[in-house]
Structures are given as structure tokens and as C-alpha cells.
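Structure first, then comments.
Chains as they are written, first to last, in our numbering: chain A, 5 to 278; chain B, 296 to 871; chain C, 903 to 996; chain D, -9 to 188.
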């Protein structure tokens, strides 16, 4: 995985990522320019006006024009950042959702400290859920009496998506506030209990990536890590088929094969499984 | 308080413990605040071990901790979360605010306005003891069976509602701290409005007093909503209500037996309605101190005094309508986020004006490079970095990637650590002679300044890189994530820098206590400054001034042409 | 205050009694209106209008705001602005 | 020392107010924000709820009307106690102040009766969001009434010694205590329709 991550921004594999990255670069360019100019001024002022014999302070000074111009320029630049970058990018990300018919629809239900990924199955309809049905083998409380639920697939911490296809994720939480973050997708959204918040993205590259929780959600916040896999359309469908529940026993969610058996990162020796 | 009481006749406990004198209370605040800063810093030292070497037993120190916090020297996640939550709470509410507002405000404001004391001395004392009690409650919560609060200093519901009993103590502690701040701020406003010396009009006030004045309004009007939120969360925790709990929660596999119907975002709104103005509560007094120190040590008036005053008022006003930029990712609509992005960009303008004015004050001066000036000058670029890195966070689009990462940590620490804290250090070195009658050692001061400057940048600068890499905050073990593993060497570097930063504070501690005994004795006005506090004796007696001072001119009349001396005190009628 | 002199205060006392009568009447009115079971929107407007009138009476006469100084008004105006900001909050969360 | 601090009993020549009055208004400003936060919460919970009961369906309106009248009356007696001092009539002050305290206690008595009957019907803050905000708002208001009673009792007995030495300052203090008491009344004026009638 080394090639994906380094000391700067992680690689970007989403269609909307470049817009966000561009804004980050532009802002940092402005910051650098301002800071360097400003620091240079400071150094010059400190050397030139140090206290020394024969040098006295000046009481009255002409009003400086340059700083006012710079301040106005900064203000204008901020307007440009807002109107030219932030507003349109945010509008694109938040309001311009892909056509649901052409997109992959997924529900993700966060809980301490797991991401439950709920695919609607072949019928494209999510089965009914009920919080009173939630159990160890039925993490989202799928109602097996609902015919639409029969082909639903619920995975734990395993999120597979096809490449070059828009994905709409409906985010909700069972317990506390989490934050659904896929750094390589430039996607981050707080997951608020009591609400369902949609996000969308489209992957441009295949590979194995990760979902992080970005909001403190308790003891296991640090290990609320999901596996995010971008595959070709074919690979995705064969994976989805292999995860289908066995026909005779409906609504028996195959959690066993879906469970991440061991995290590939070196396990910490904290010895806490809270 | 009877009318004929004189401090000389008072018993020890009235004079130094339950004192009504603003100077004693100011010192009490400052010393307590400094001790809490040290304590909060120590918590971070522990956290830094866990972050540099996740899950490795802590050498030597580890064996002294209770098994509920560390097992075999290995820090448990619950203890890590406690340290994180309490570091934030202690630094903000028990360290910086009490030192900046309670300490410097109490000691310096009445002196600078030529008043004998605060308007309500008894209220002042109650304010300190309420703060002290709040501190005791916060501190002792570490010794609860389940430890202290562990839901972050922001205490987001529902996590905080279902958290262990430490959170209840946190809330009670906060109620006491809020009470203290409310009493203090009403006192400051009344004092500054009513008790200014004759001739001291508002536009002759030292900038520090202006900063405290605006700060007091922020505290007065922004804290009560948090108190309301605190009461609601206490009800949620103790009376079983569901203000912050929506219906249908399932915690640890069990349906939560609550009525539901609440809203978790309500807490965030009420919290940030306070907590954003609170950021300015942390910054404004620091800016005030820097203005005082720079004017004195450049030997010239500060540049654009009136523009600065208008900016600080505007800043205070705007700080109430930017709060939701902390909540860009909570699913708010784009129109709403556009509004808060605009206000956030607007609020950056007065900050830039003040910072620019302070920087331009150097131009044409005759700058003395003593310790307070070094800290005050360092404040400028450090606060500048803090402010600039706020830009990508204030733009909701770039915030998507940077929100809740180490970038945020780096940003606000640049504002409050090398920013505010450096200004506070400048204030300590600047006013120490007034409080004690002795100067602090310049040698130790510089030994404190230079390593602090270097190491504090080594601590916070790499955090921006970690943030850009997407590393989340508050991770007990960052190496769980591949993207965080890539920057893990930075964590080791930060930790060592932080420990060295700790060592760099030893000269300050030695200097602070040692100078009480060995510092060079000084007269009233060791820095040859103009504001009123320097007309009083060092230390000022009970009642501050022998005669109520009368003010003839503005606060920073340095190097006035045609004068023999390069400073012209505010209360001097004749030429100087 | 326009006058704390005993003669001025005697005049005030008459005003206080009148204000009391008004407050009591308005209380009865607001309760009576509630028994009409108006639709919620109308009921809110009526009840809050009456409450605002009552509150203004208390503030103006009992709290002497009618003859208060500028400094007090400045603080209250500032508070009002932030109070209104606070009341926008429910509409941000929904 | 207090003698050194100016404008304790006489108003400041420019601002026209005493220290205590300005301080009291600052404190009331913070109280406005405190109750503002809670009112906001009420509006948010109510607008967010699928069903919200009318207060009159669940709460005892006649009793609350009585309580409103009690509190209004106490406001009048409070302002009369100040007016008596301004007219240099100390015995009358004591009468009105004592009435204010008794009316305050009567308010709390009625309130605790109301609470008691709610508890006996198993209506607790945890029952639903309506009762949660009802108990929180009225409870906090009740605490404010209690605080006012304590302050007023202090001024009725030990605090009134100041009348003999500093009548002007004492009158000022009663005015400030009055400001607080009227504010508590003012809050109730809004709580009553919001919780009971709407």
C-alpha cells in the first residue's frame, strides 16, 4: 500500500478529488506568498530598527498605503476562493447527485466501532429494518419477513465498489456520531444518529484502500477501520454474488466470510478489545 | 467589608487567601493558571509517548500508574481518551483563560485605568474561588473509579451522554467555571465603564484594556448558552431525558431505553456558540499584551491605534456568527455553509488588520530585544501561521479533506500555543517587575525563549503534513491505518520535540521563583513606559495610587518630538 | 431614573398599580384565548404578542427601563442581537 | 477600601448609573442568553417532533394562572419596597419586602404541588421531550425564584442594617435586587404561555 500514501496528500482516485485538491493547493500558495512576504518584512524591520547608539524611534510616521492595498487584495482573493472554488466545489459534491438509476446504492450503518455495509441485492431495494431485530448475526436489524430483504447483503467493514460507476451511500449511525472518511476519495461526512445523510463519489482507479472514522466515537475509535476495495465491474459482481445468502435460509447474513479476519497492519499490543 | 479596613491590619488568610484586593486575586489566578498549564502540558507528554510508540510500555513512569490507566506501562485507550479530553479542557478553561483574563486582566486593568480596585471586590474573590473549585472538580475526576471525562473537550453528544461518571464531574466543573467567568466579566465591564480615571476617555485606553473589555462581553454573552447546554446534558445523564438523543439508538447491541426525540446537533450548536467566541477570548488579551509590550519596547506609538480598536470590536461581534464553520460536515445545506464560509472569511479581515498594525508598529522604532519583546515579536509570525492555516479549514470544500485531521490540531495550536501562550509569557516577563518589584533574569529568559521557539515549531509544523495525509485526530493507535503509518516517523519527531519543549520550560520555572529572591530590584517604571500602571509603586500598595491619577493624553506617547525623555506618561501634566 | 425624589416616587406608585392591573388583565386574557383552541400558528402569535406586551410593561415600569440611561440600553441592544442569533439556531439544525 | 471605589451609591456623572446597577444589568444580559439557549432548545425540539402535545392537555392551567398572578403581585410588592425606601419609609419597606418573600414562597409551594402531582402520575423528565423541557425550564426558573428569595431575605434582615449608615446605597441595592426579581417574573411571563397554553 506504500505507493498510495506519503507525507503529502494521499493519492486521489475520485472524480471530485481533483477539485478539492486544487483548492488546497491554491490556498496554500496564497498562504505561502503572504507568509514569506510578511516574514521578510519582519526580518528587515527587526534588523533596521534595532536599538543601537545613534538611532532613535520616530514618533510620527506617514500612513502606509501598501498594507491597505495588500489587505484589500487578500480580501478580494478570499472572495475569489469562495466564489471561484469553494462554493462550486461544495455545490458539486453536496447537491449534484448522480442519477440514482445509474448509480450503485449502498447503505452504511455506523456503530461503535464497525461500518455495516448494506447492499440492496439484485432487486435494488433495501429490505425493511427494525432496531429490535438487531443481533450479533443481524447487525442492521434486517426484517426477514420482507421479500425485498431476501437478497440483501450486509457486510461488516468490507466495502466494495465498482470503478467508474457513481456510488451513493446513505449514512446513518446506530449509537454515537461517527465520521465516514475515505482519504483517497476526498470523502468525509459526519454520521449523525437520527439522520440519514447521503454522500456520493465515483472511483477512477482500482485498489485496496481504507475507510477511517474521523470523529471520536469512544474507546475503539482508533480501530474503526473499514476496508474499501475498488474493483472492475465484473470483479465487483462476482464478489457480490459470492456473498449472497444461501437460498434455503433467508436473511441469514453471511457474516463469517465477510468478517475481516485479521488486520494487515501490525496489531497493537494494547491487549484491549473494548 | 467595612469602610475603615486597611490591608495592613488584616489577618494572613484575609490578606492572601480570601483577599478582596484585585492584585492578590490576580496573582492567585495567574499562579493557579500557570500550574494548570503545567499540568495540562504534562498530560500531553504522556499522550506523546503513546503516539510515538503505540502500545509500547512507557519506560520508568509507566509503573507508577494505576492498572486502570496503564497495564504494565501500556496506556489503555480509555486513559488515552481521558488525557485528550482533559488536556483540552484544562488548557483552555483552567489554564489560558484564567491566566489571560483572570490573572493579567485582574492585575493590570484596574491599574491601567487608574482605579483603586475592581468595581466589585467581593464578586472578584467569589469568581476566583468558583474557578478554583471548578479546577478541583476537574482535577479530582481523574481519581473516579472510571476516570475522568473521555469524550473530548467538545463533549459531543450522544457519546458524552452514555459516557462514564467522569463526564458528570466535567459538567459540574464547567458550570463552576462558567459561573466564575460570568461573575468576572460583569465585574470587568462595570470596572472599565465606571472606574476610569478622570481624563481617561475610551480612546485613551491602552489597547490591552480594550481587548479585555471586548473579551468580557464575549464571556458574558457566549458562555450562558454553554451553561444551558451543560444543564441539558446533566439532565440527559442524571434525569434520563433525551435532549441530545434521537429515537431508536442501539448502543452495544442493545436498544437504548430512552424516550428519544432529541437532536445530537443541538449540543454542537450550543457548544460552538460559546466555543468560537472562546477562541477570541483566548486571543484578544494576548493581542493586547503584545500591543503593550511592543509599544514600550519599540519606543514609539503603536501603528493605527483606532483601526485596531475598531477591528477588535468588529472581531468580537463577528465571532458570534461564525460558529457553524466547525460543523461543515454535519450535513448542513450548502446555503447555510455558504453563509458561514462568508462570515468566516470576513472575520479574517480584522484579524489581519490587527496583526498588520502590530507588525507595522516595529517600523521606525528603536527595538529593544529583551525577553518580553522577543516573545511578543515571535507571537506575530506564529499567530500568523495559525491564522493562515485557518483559511483552508474555513473553506468548506477543502475542509472536507482536512476536517478532524491533525491539520486542525496544528492550526489551533499555532493560534493558542506559540500564539497566545507566547504573548502570555511576554506579559509575565513584562509585568513581573510591577508585581514583585524585581526583574526576571534576562539570561534565563533568553534560555527559555530560543529553545521554546524552535521546539514548539518542531511540534506543530509536522502536524500540517500529517493532516494533509489525512490522519484523523484522537487516535489511540494511529498505526492502525495505512495512511497514518506512512507519516508515523513524524509522530516520533513531534514527541521528542515536545519533550524537549518541556525541558525548555525549566529555565522559566527557575526564573519565575528565583527572581522573587534574586531578581534585580526595580523602581516604579523599569521599562520607561507610559501607561498608568507604571505610575504606581512596584508592587502597588493597597488602593494602588496615593492620589487618584488624572490622565492628559493617549496611552502610547513615546519619542514625542521636543521632549527630553522618549516617554511621556499618561498622567504627567508637564513636559517630560 | 428621572427622579428618585420622594415626590416623583409617589407618582410612580400610581403607575405601578396601573401596570399591575394591566398585567393581571392580560394574564386572564391570554388564558381565555387559550380556551378558544385557535389553530397553533394563530395561538402562538397571540400568546407571544400578549407575553411580549406584559414583559415590556414589567421591563419599562418595574425595571425602570423607560427612563434608563444609554449605557444600559447599549448593553441590552447588544444582548438582543446575540439573543436573536441564538434563536436562529433551531433553524440551522433542521 | 470600598470607600476608595467611586460610584457605589452615587451615579457616575457620565454614564448616569451606579456600579451595582450596571453590574446587575450585565448579569441579567447573561441570564437572557441562558434562557435564550433553553428557549432555542424548546423550539428545536418542538419543530423537530412528529407530535407535540398542547401544554393545556397535560398541565394544570388554572394552577399556573394562579402562579402567574402570584408572581406578578410579588413584582408589584418588590417595586413598592424600593419605592418605600425612596420615600424614606423603612417600616413600609419591611412590609412590602416580607410580602414579596412570602409570595415567592407561595409560588414555589404551588410549583412543588404541581411537580408532586406530575410525579404521582408517573410523569418524569425522562417521559418524553415535552416533560423534559417542561421540568428543565420550570426547574431552572424555580431555582432562580429560590435565589431571589434568599437574597431578599438577606436584605429584609441582616442586610437592612446598611439603611442606617448608607441609606442611598441600600436603596440602590434594593433596586438591583428588584431588577433581578422582575427579570425572574419576566421569564415566567414567557414560560407560562409557551409551556402551558401553546
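Glycine residues also receive a C-beta, built at the ideal position from the N, C-alpha and C atoms.
Worksheet item: Quick one: is residue 856/B near chain D, going by C-beta distance under 8 angstroms?
Response: Judged by the 8 angstroms Cβ criterion, residue 856/B is not in contact with chain D.
Fill in: Unbroken beta strand (DSSP E) run spanning residue 159/A, endpoints
First-last of the beta strand (DSSP E) with residue 159/A: 157 to 160.
Item to complete: Out of 731/B, 677/B, 690/B, 687/B, point me to the one whose CA is closest to residue 716/B's CA.
Response: Ranking the options by Cα distance to residue 716/B, first place goes to 677/B.
Worksheet item: So, does the CB of residue 516/B fall closer than 8 angstroms to a CB anywhere in chain C?
Response: With 8 angstroms as the cut-off, residue 516/B counts as an interface residue toward chain C.
Worksheet item: Do we get a CB-CB distance below 8 angstroms when we pair residue 943/C with the residues of chain D?
Response: By this cut-off, residue 943/C is not an interface position.
Fill in: the segment 429 to 448 of chain B touching the segment 534 to 550 of chain B, judged by at least three CB pairs closer than 8 angstroms
By the Cβ test, the segment 429 to 448 of chain B is not in contact with the segment 534 to 550 of chain B, since fewer than three Cβ pairs between them sit closer than 8 angstroms.
Worksheet item: DSSP on residue 193/A, reduced to helix/strand/coil?
Response: The answer is strand: DSSP assigns residue 193/A an E or B state.
Worksheet entry | 8 angstroms Cβ shell around residue 96/D - same chain, five flanking residues per side excluded | Counting only Cβ-Cβ distances below 8 angstroms, and skipping sequence neighbours, we find 60.
Fill in: Between the CA atoms of residue 779/B and residue 563/B - distance to the nearest angstrom
Their backbone Cα atoms lie some 27 angstroms apart in a straight line.
Discussion item. Nearest by alpha-carbon distance to residue 918/C: which of 104/D, 70/D, 161/D is it?
Written reply: Closest by alpha carbon: 70/D.
Item to complete: May I ask you to report which of helix, strand or coil DSSP gives residue 913/C?
Response: In the structure shown, residue 913/C sits in a helix (DSSP, three-state: H, G or I).
Discussion item. Using 8 angstroms as the threshold, is the C-beta distance between residue 661/B and residue 59/A below it?
Written reply: The answer is yes: Cβ separation under 8 angstroms.
Worksheet item: Would a check of beta-carbon distances place residue 904/C closer than 8 angstroms to chain D?
Response: At residue 904/C the pLDDT is 40, less than 50, meaning the model places this residue with poor confidence; the figure from the coordinates comes in the next sentence. So no, residue 904/C is outside the interface.
Practice prompt. Let me know the secondary structure DSSP gives residue 50/A once reduced to three states.
Written response: Looking at residue 50/A - three-state DSSP - the assignment turns out to be helix.
Practice prompt. Assign residue 11/D to buried or exposed, taking buried as 16 or more other Cβ atoms, counted over all protein chains shown, within 10 Å of its Cβ.
Written response: When all chains shown are included, residue 11/D counts as buried.
Discussion item. Under 8 angstroms, Cβ to Cβ, is there at least one residue of chain A near residue 663/B?
Written reply: Chain A contact via Cβ: present.
Worksheet entry | Interface partners of residue 71/A on chain B, CB under 8 angstroms | Neighbours of residue 71/A on chain B, chain order: 651, 655.
Worksheet entry | Below-8 angstroms beta-carbon distance, residue 17/D vs any chain B residue | With a threshold of 8 angstroms between beta carbons, residue 17/D makes contact with chain B.
Item to complete: Measure how close the beta-carbons of residue 613/B and residue 994/C come, nearest whole angstrom, since I'm counting them as under 8 angstroms.
Response: Rounded, the Cβ-Cβ distance is 17 angstroms, inconsistent with contact.
Worksheet item: What distance in whole Å lies between the Cβ atoms of residue 150/A and residue 132/A, which are believed to be in contact at a cut-off of 8 angstroms?
Response: Contact holds; Cβ gap of about 4 angstroms.
Item to complete: With a 10 Å radius around its C-beta and 16 neighbouring C-beta atoms as the bar for buried, classify residue 841/B as buried or exposed.
Response: That one is exposed.
Worksheet item: Between residue 235/A and residue 643/B, is the Cβ-Cβ spacing less than 8 angstroms?
Response: In this structure, residue 643/B does not lie closer than 8 angstroms to residue 235/A by Cβ.
Worksheet item: Is the beta carbon of residue 625/B sitting closer than 8 angstroms to the one on residue 690/B?
Response: No, the pair does not count as a contact, with Cβ atoms beyond the cut-off.
Worksheet entry | Selection from 381/B, 337/B, 420/B, 579/B that minimises the alpha carbon distance to residue 311/B | Checked all of 381/B, 337/B, 420/B, 579/B; the closest Cα to residue 311/B is 420/B.
Worksheet item: With a Cβ-Cβ cutoff of 8 angstroms, do residue 408/B and residue 491/B count as a contact?
Response: Going by C-beta atoms, residue 408/B is nearer than 8 angstroms to residue 491/B.
Item to complete: Going by DSSP, name the residue or residues bridged to residue 177/A.
Response: Residue pairing from DSSP places residue 177/A in a beta bridge opposite 114/A.
Discussion item. Counting only C-beta atoms, is residue 617/B closer than 8 angstroms to chain D at any point?
Written reply: So, not an interface residue.
Fill in: Neighbouring residues, chain C, relative to residue 138/D (Cβ below 7 angstroms)
By Cβ distance, chain C contributes nothing, its closest Cβ being about 14 angstroms from residue 138/D, past 7 angstroms.
Worksheet item: Is the segment 9 to 29 of chain A touching the segment 193 to 213 of chain A, taking contact as three or more C-beta pairs under 8 angstroms?
Response: The answer is yes - the segment 193 to 213 of chain A touches the segment 9 to 29 of chain A, with three or more Cβ pairs under 8 angstroms.
Discussion item. Among 766/B, 845/B, 857/B, whose alpha-carbon lies nearest the alpha-carbon of residue 865/B?
Written reply: Looking at the Cα atoms, 845/B is the closest of the given residues.
Worksheet entry | C-beta contact flag for residue 618/B and residue 567/B at 8 angstroms | Closer than 8 angstroms, so yes.
Fill in: CB contact below 8 angstroms: residue 114/A versus chain B
Not one chain B Cβ lies under 8 angstroms of residue 114/A.
Item to complete: Drop a sphere of 10 angstroms on the beta-carbon of residue 237/A, count the other beta-carbons inside from all chains shown, and report buried for 16 or more, exposed for fewer.
Response: Of the residues assessed, residue 237/A falls on the exposed side of the cut-off, its CB having fewer than 16 other CB atoms within 10 angstroms.
Practice prompt. Starting from the beta carbon of residue 929/C, find every residue of chain D whose beta carbon is closer than 9 angstroms, and list them in chain order.
Written response: Residues of chain D passing the Cβ test: 55, 58, 59, 62, 179, 182.
Item to complete: Out of 775/B, 730/B, 770/B, point me to the one whose CA is closest to residue 831/B's CA.
Response: Checked all of 775/B, 730/B, 770/B; the closest Cα to residue 831/B is 730/B.
Worksheet entry | Sufficient close CB pairs (3 or more, under 8 angstroms) joining the segment 39 to 53 of chain D to the segment 129 to 136 of chain D | Of all C-beta pairs linking the segment 39 to 53 of chain D to the segment 129 to 136 of chain D, fewer than three are shorter than 8 angstroms, placing the two stretches out of contact.
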